[in-house]
Amino acid sequence: MRFEIMRLDELDGTPVDSTVVDAASVNRIVQQAAAIGQRLWIRPADTSAS
127 MRFEIMRLDE LDGTPVDSTV VDAASVNRIV QQAAAIGQRL WIRPADTSAS
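For the sequence shown, the working numbering begins at 127 and goes up steadily by one.
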């Protein structure tokens with residue numbers, strides 16, 4: 127399964143960039159974001175385009 131991870135603006139919470147990763151990478155990205163206090167929005171990636 128793949129997930130879209132969006133990094134959110136610290137002030138207003140709007141997405142500033144996004145990336146699509148596999149499930150194995152989600153934990154690493156969340157740990158890195160938690161270490162620096164970064165806000166993320168994670169949702170399943172749209173796989174209907176395949």
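Ideal Cβ positions, reconstructed from N, Cα and C, are used throughout, including at glycine.
Owing to the predicted nature of the structure, the values given are computational and were not obtained by experimental measurement.
Per the coordinates, the alpha-carbon of isoleucine 131 lies some 13 Å from the alpha-carbon of threonine 140. Beta-bridge analysis with DSSP links serine 144 to Met132.
Per DSSP, reduced to three states, the secondary structure at arginine 154 is helical.
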